[in-house]
Amino acid sequence: MQRRTLIAAGALAAGLSLTATAVCAQDFPPKKPVTLVVGFAAGGSADIAARVIAKKLGENIGQAVVVDNKPGAGGNLAHAQVANGASDGSVLLFGSIGPLSISPHFMKVSYDPLKDLAPITMGVIFPNVLVVPASTGIKTLGEFVAKAKREPGKLDFASTGPGSASHLAGELLNDVAKIDTVHVPYKGGAPALQDVLGGRVASFYAAPPTALPHIESGKLIPLATTGLTRPAYMPNVPTVAESFPGFNATNWYAFVASAKTPKPLLDRWNTELVKVLNTPEVRDNLLKHGQTAAPGTREELGKFIAAEYGKWGRIIRERKITAD
């Protein structure tokens, strides 16, 4: 009897120990600093949105959320780091369309976006805008396409990296307009924008947050946006789809984490991030920078990423698009 009692007591102690360990492993907010990884250089559209959201998130949870810029390979380096990194809920990733649904189809990456990264919530969504330096003299999409046809291989376009939304937008226009513009990849929107402003590259499928100030100053000319409808903040700029029906290459950033992160932590981060994204001041701030907050459930984001992954994979295969 005494032996059974000792065994039962030991089992109970072990169980309590495991429970305590599980609780500690799922502390919220995490006891260590919270990091929000961004796969692009500071000053670009992803960085701008991440900092707006991180500031409010930190206020809400009572702990600073540090934005960590890890540019390289169109954001793939950051995605690989998070996919293979900490799974205690202390590291979040502001994931992007390229590494999550495009790049793995034509680049060797050390992660599977559908298996190694867990969805939390959509962050923001927005079209890119095709811009050219005012010095080019090009004022419309029609003029841009006409020049590209007259001088195949002479016009180039910047992107935030191989496999990014800005890269695919350019390749898609090449296909539908039957033109040959040359892809020039950068490590983020900020360095790409600087070279466009300096006239070192002819065009850029830029994110509105980084392009709008220069459009307003007259340094850049907006030719067209890449969504199906004109955004409210650029009502006078036509869509590419108005000239080439069906063209659609929107950009988005979503919150994900290592797939090894415990579900309770992922669910809690969803709750906190949705709260932030629904805050009027955050939504207004993002919209001011040309981005629309789009919070949702973890399940919705998982289905969305899978659909985007399938869509762009098919287009890349059919059009034989490469990362060069």
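Numbering (mature numbering (1 follows the signal peptide of the UniProt record, and there is no 0)) for the sequence shown: -25 to -1, 1 to 299.
For every residue, glycine included, the Cβ atom is placed at its ideal position computed from N, Cα and C.
Treat the numbers as computed from the prediction; the structure is a model and nothing was measured.
Three-state secondary structure (DSSP) at residue i?
{"i": "P102", "result": "strand"}
{"i": "P166", "result": "helix"}
{"i": "H264", "result": "coil"}
{"i": "T111", "result": "helix"}
{"i": "G60", "result": "coil"}
{"i": "P220", "result": "coil"}
{"i": "T254", "result": "coil"}
{"i": "residue 307", "result": "Any answer about residue 307 is impossible in this case: the structure gives the chain only from -25 up to 299."}
{"i": "G70", "result": "strand"}
{"i": "Y228", "result": "strand"}
{"i": "I23", "result": "helix"}
{"i": "T96", "result": "strand"}
{"i": "L130", "result": "coil"}
{"i": "P160", "result": "strand"}
{"i": "D43", "result": "strand"}
{"i": "S233", "result": "strand"}
{"i": "T246", "result": "helix"}
In chain order, what residues of the same chain lie with their CB nearer than 7 angstroms to the CB of residue i, ignoring the 5 residues before and after it?
{"i": "N35", "result": "E247, K250, V251"}
{"i": "A268", "result": "V99, L252, V257, R258, L261"}
{"i": "L241", "result": "A93, I95, A232, R273"}
{"i": "V84", "result": "N51, A55, S78"}
{"i": "R26", "result": "V42"}
Can you list, in chain order, the residues of its chain whose CB lies under 6 angstroms from that of residue i, leaving out five sequence neighbours each side?
{"i": "K286", "result": "none"}
{"i": "C(-2)", "result": "Here C(-2) scores only 45 on pLDDT, less than 50, and its place in the model should not be relied on; the value that follows carries that caveat. So no residue of the chain qualifies."}
{"i": "F119", "result": "I113, L198"}
{"i": "G64", "result": "P5, T236, L240"}
{"i": "A144", "result": "N103, Y180, T201, A224"}
{"i": "E283", "result": "S76"}
{"i": "L147", "result": "A224"}
So which of the options has the shortest CA-CA distance to residue i?
{"i": "N253", "options": "V157, M97, A16, V57", "result": "M97"}
{"i": "A16", "options": "D2, T204, P5, G50", "result": "G50"}
{"i": "G279", "options": "P220, E256, F230, L67", "result": "Checking the displayed sequence, the identity of residue 279 turns out to be Phe instead of Gly. Selected option, being the one with the closest Cα: F230."}
{"i": "E293", "options": "A109, D150, V42, L241", "result": "D150"}
{"i": "V176", "options": "F132, P210, P188, G138", "result": "F132"}
{"i": "S20", "options": "P4, A140, L52", "result": "A140"}
{"i": "A298", "options": "K124, G265, P79, G163", "result": "P79"}
{"i": "F222", "options": "Q266, L67, P270, A152", "result": "A152"}
{"i": "L203", "options": "A281, I196, P220, E191", "result": "P220"}
{"i": "N245", "options": "L148, K124, G271, V84", "result": "G271"}
{"i": "M82", "options": "A48, K90, G163, A123", "result": "A48"}
{"i": "V107", "options": "Q266, L187, V84", "result": "L187"}
{"i": "G128", "options": "G18, H158, Y86", "result": "H158"}
{"i": "G164", "options": "A58, S178, V57, K90", "result": "S178"}
{"i": "I196", "options": "A109, P74, K45, P46", "result": "A109"}
{"i": "L276", "options": "P46, P88, L147, Q266", "result": "P88"}
{"i": "T111", "options": "P210, K194, Q38, G37", "result": "K194"}
{"i": "R125", "options": "A182, I154, Q266, M209", "result": "I154"}
Can you list, in chain order, the residues of its chain with a C-beta nearer than 8 angstroms to that of residue i? Leave out the 5 residues immediately preceding and following it.
{"i": "A199", "result": "V104, L105, L116, V212, P213, T214, V215, E217, S218"}
{"i": "D43", "result": "T10, L11, V12, V13"}
{"i": "V41", "result": "P8, V9, T10, L11, A29"}
{"i": "Y161", "result": "A133, S134, T135, G136, A167, D170"}
{"i": "G60", "result": "V66, S233"}
Could you tell me how far apart the beta carbons of residue i and residue j are, in whole angstroms, since I believe they sit closer than 8 angstroms?
{"i": "I72", "j": "N226", "result": "6 angstroms"}
{"i": "F3", "j": "Y228", "result": "23 angstroms between Cβ atoms; not a contact."}
{"i": "residue 321", "j": "H189", "result": "In the structure as shown, the chain starts at -25 and stops at 299, and residue 321 therefore has no counterpart that could be examined."}
{"i": "T156", "j": "A123", "result": "5 angstroms"}
{"i": "M209", "j": "P184", "result": "At roughly 12 angstroms, the Cβ-Cβ gap does not stay under 8 angstroms, so M209 and P184 are not in contact."}
{"i": "A53", "j": "K45", "result": "4 angstroms"}
Would you say residue i reaches chain C, if we count a Cβ-Cβ gap shorter than 8 angstroms as a contact?
{"i": "V251", "result": "Absent from the structure: chain C. Only one protein chain is present."}
Is residue i close to the ligand NAP? I mean its beta-carbon at under 7 angstroms from any heavy atom of the ligand.
{"i": "N103", "result": "The model depicted lacks the ligand NAP and carries no ligand whatsoever."}
**Message:** Which complete alpha helix (DSSP H) runs does the stretch 176 to 215 hold, if anything under 4 residues is left out?
**Reply:** 183 to 191
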